[in-house]
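Peer 1:
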Amino acid sequence: MLEIHSLSKSYDKGKSFALKNVSFNLNEGDVCALVGESGSGKTTLVRLIAGLETPDAGNIVLNGEMFSSLHNFVPPEKRKVGLVFQEYALFPHMTLFKNVLYGISRQKNKKIRAQEVLDLVGLGEMKERYPHQLSGGQQQRVALARALAPNPSLLILDEPFSNLDAMLRAQLRNEIFEIVKKTGVTAIFVTHDTQDALAVADEILILQKGELIQKDEAANLYIKPNSIYVASLFGNTIHLSQELQSAFKCPLNPKCSHAIRHENFAINEECEHVTHARVIKRTFLGNKTQLLLKLDSGQNLAVFTKDGNVADRIKIGFNSTDVLEFNN
Ligand code: ADP
Ligand code: MG
Numbered sequence: 006m007l008e009i010h011s012l013s014k015s016y017d018k019g020k021s022f023a024l025k026n027v028s029f030n031l032n033e034g035d036v037c038a039l040v041g042e043s044g045s046g047k048t049t050l051v052r053l054i055a056g057l058e059t060p061d062a063g064n065i066v067l068n069g070e071m072f073s074s075l076h077n078f079v080p081p082e083k084r085k086v087g088l089v090f091q092e093y094a095l096f097p098h099m100t101l102f103k104n105v106l107y108g109i110s111r112q113k114n115k116k117i118r119a120q121e122v123l124d125l126v127g128l129g130e131m132k133e134r135y136p137h138q139l140s141g142g143q144q145q146r147v148a149l150a151r152a153l154a155p156n157p158s159l160l161i162l163d164e165p166f167s168n169l170d171a172m173l174r175a176q177l178r179n180e181i182f183e184i185v186k187k188t189g190v191t192a193i194f195v196t197h198d199t200q201d202a203l204a205v206a207d208e209i210l211i212l213q214k215g216e217l218i219q220k221d222e223a224a225n226l227y228i229k230p231n232s233i234y235v236a237s238l239f240g241n242t243i244h245l246s247q248e249l250q251s252a253f254k255c256p257l258n259p260k261c262s263h264a265i266r267h268e269n270f271a272i273n274e275e276c277e278h279v280t281h282a283r284v285i286k287r288t289f290l291g292n293k294t295q296l297l298l299k300l301d302s303g304q305n306l307a308v309f310t311k312d313g314n315v316a317d318r319i320k321i322g323f324n325s326t327d328v329l330e331f332n333n
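For the sequence shown, the numbering used here assigns the number 6 to the initial residue and increments by one for each residue that follows.
Below, the structure is given as structure tokens:
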């Protein structure tokens, strides 16, 4: 339904590339997360899709219609792409009802539709309030109602929860995604938070320095990350250097690089590749404890464990099935 072909974009007359040769497709009704560090090109990509920027190269097709190519550019208002930003961007002098109505002023039955989408986000009874009379989470739900009102083919949410504190964030995230799923709209949810991405998305796209480095289902990204970078986005990961491989007596293919996740280290348990270590520091972190270890072979290694009450001398190891291997 959405096809992106070799999309590139630079700023400052080609000096800095924000997006390099990005291609992917989305199917109707997919909810995907676009994940990457700050500056990786997420906003640039969604602004290109929405028509707020023009690409240097590549093209964008939505529902078979060419939106952006070297010969063709459909303006944002004709694209049927709904946007929700980090800033709620509501008009402060208008009621919620008028805020939603604004975007559909030329539509038939606009008042019925405005009421419908406000009901959908659970704010129908507050429609005569002004934005400042709402919490941050409620304001973001109004922004969502406004984006959904014109029945967009594609909904884009760019870091919609970044202004909210952690508790509210998890709650709003779940509420918003129930609403999105209920409407069945195809959606791209931009976030730098992999927990948010895992919680809501069928598929996850990872951007690094403007390049799309992996696109996969959430579980596959965790099981089969294609780089140590992707692996470390989804949990603490240790690079198995040559020195660590010899410490654990676990020689691996020297043409590849390898990593292991913190949770796959076993302490004082039987496993294939074992060494001994001294605990030199314990940091209690609530649901887990970080142990800083000095291996008998001399290296330092930090691991997390549920039970920090281990003796100062421990046995630590892992099984070869838990080793992640990368061709780079
Ligand atoms: P993200 O949303 O992942 O944080 P952005 O798409 O905003 O990333 O930015 C990607 C890169 O492009 C960054 O290096 C940023 O500084 C640069 N950039 C973004 N917008 C502009 C702009 N209008 N002018 C110049 N550089 C920009
Ligand atoms: Mg951004």
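Glycine included, each C-beta is placed from N, C-alpha and C at the ideal position.
If you follow the beta strand (DSSP E) that Val-205 is in, where does it begin and where does it stop?
Peer 2: Locating residue 205 in the sequence shown gives position 200, where the first residue counts as 1. No beta strand (DSSP E) contains Val-205, which is instead part of the alpha helix (DSSP H) from 199-205.
Peer 1: With burial defined as no fewer than 16 other Cβ atoms inside 10 Å of the residue's Cβ, what is the status of Cys-261: buried or exposed?
Peer 2: Residue mapping note: residue 261 aligns to position 256 of the sequence shown, counting from 1. When all chains shown are included, Cys-261 counts as exposed.
Peer 1: For a minimum of 4 consecutive residues, which ranges assigned as the alpha helix (DSSP H) are wholly contained in the segment 103-182?
Peer 2: Here the runs fully enclosed are 115-125, 141-153.
Peer 1: Spatial neighbours of Glu-42 within its chain, please: C-beta separation below 8 Å, excluding the five flanking residues on both sides.
Peer 2: Counting from one through the sequence shown, the residue named residue 42 turns up at place 37. Closer than 8 Å at Cβ, skipping near neighbours: His-197, Gln-213.
Peer 1: Give a yes or no on contact between the segment 64-82 and the segment 112-131, applying the rule of three or more CB pairs nearer than 8 Å.
Peer 2: The segment 64-82 is not in contact with the segment 112-131.
Peer 1: Considering only the alpha carbon of each residue, which of Asn-231, Leu-159, Arg-178 lies closest to Ala-204?
Peer 2: The residue you call residue 204 lines up with position 199 of the sequence shown. Of the listed residues, the one whose Cα sits closest to Ala-204 is Arg-178.
Peer 1: Considering only the beta carbon of each residue, do Lys-286 and Leu-297 sit closer than 8 Å?
Peer 2: For the purposes of this step, residue 286 is taken as residue 281 along the sequence shown, with counting starting at 1. For the purposes of this step, residue 297 is taken as residue 292 along the sequence shown, with counting starting at 1. In contact: Lys-286 and Leu-297 (Cβ atoms closer than 8 Å).
Peer 1: Under 8 Å, do Pro-86 and Ala-55 count as touching if we go by C-beta distance?
Peer 2: As a first step, residue 86 is located in the sequence shown; it is residue number 81 there, counting from the start. As a first step, residue 55 is located in the sequence shown; it is residue number 50 there, counting from the start. In the sequence on display, residue 86 carries Val and not Pro. In contact: Val-86 and Ala-55 (Cβ atoms closer than 8 Å).
Peer 1: Where Leu-75 and Arg-146 are concerned, what is the direct C-alpha to C-alpha distance, given to the nearest angstrom?
Peer 2: The count along the sequence shown starts at 1 and reaches residue 75 at position 70. The count along the sequence shown starts at 1 and reaches residue 146 at position 141. Spanning the two alpha carbons is a distance of roughly 36 Å.
Peer 1: Distance check for Glu-92 and Asn-156, CA to CA, integer angstroms please.
Peer 2: Here residue 156 is taken as the residue at index 151 of the sequence shown, counted from 1. Here residue 92 is taken as the residue at index 87 of the sequence shown, counted from 1. Rounded to whole angstroms, Asn-156 to Glu-92 spans 21 Å at the Cα level.
Peer 1: Does the segment 92-103 touch the segment 132-144, meaning 3 or more C-beta pairs lie closer than 8 Å?
Peer 2: As far as the Cβ criterion goes, the segment 132-144 touches the segment 92-103, which means the pair count is three or higher.
Peer 1: In this structure, does DSSP put His-98 in helix, strand or coil?
Peer 2: As a position in the sequence shown, residue 98 is number 93, starting the count at 1. It is coil, neither helix nor strand.
Peer 1: Sorry if obvious, but does the Cβ on Ala-23 come closer than 7 Å to a heavy atom of ligand 1?
Peer 2: Here residue 23 refers to the residue found at position 18 when the sequence shown is read from its first residue. Yes, the beta carbon of Ala-23 sits closer than 7 Å to at least one heavy atom of ligand 1.
Peer 1: Can you find the residues in the same chain that come closer than 7 Å, C-beta to C-beta, to Phe-29, ignoring five residues on each side of it along the sequence?
Peer 2: The residue you call residue 29 lines up with position 24 of the sequence shown. Closer than 7 Å at the Cβ level, and outside the excluded window around Phe-29, lie Ile-9, Leu-210, Leu-217, Lys-220.
Peer 1: Within a Cβ cutoff of 8 Å, which residues of the same chain sit near Ile-109, ignoring the five residues on either side of it in sequence?
Peer 2: Reading the sequence shown from its first residue, position 104 is the one you call residue 109. The answer, listed in chain order, is Lys-115, Arg-118, Ala-119, Ala-154, Pro-155.
Peer 1: Do Asp-17 and ligand 3 come close, with the Cβ less than 7 Å from some heavy atom?
Peer 2: Of the ligands one can find in the structure shown, namely ligand 1 and ligand 2, none is ligand 3.
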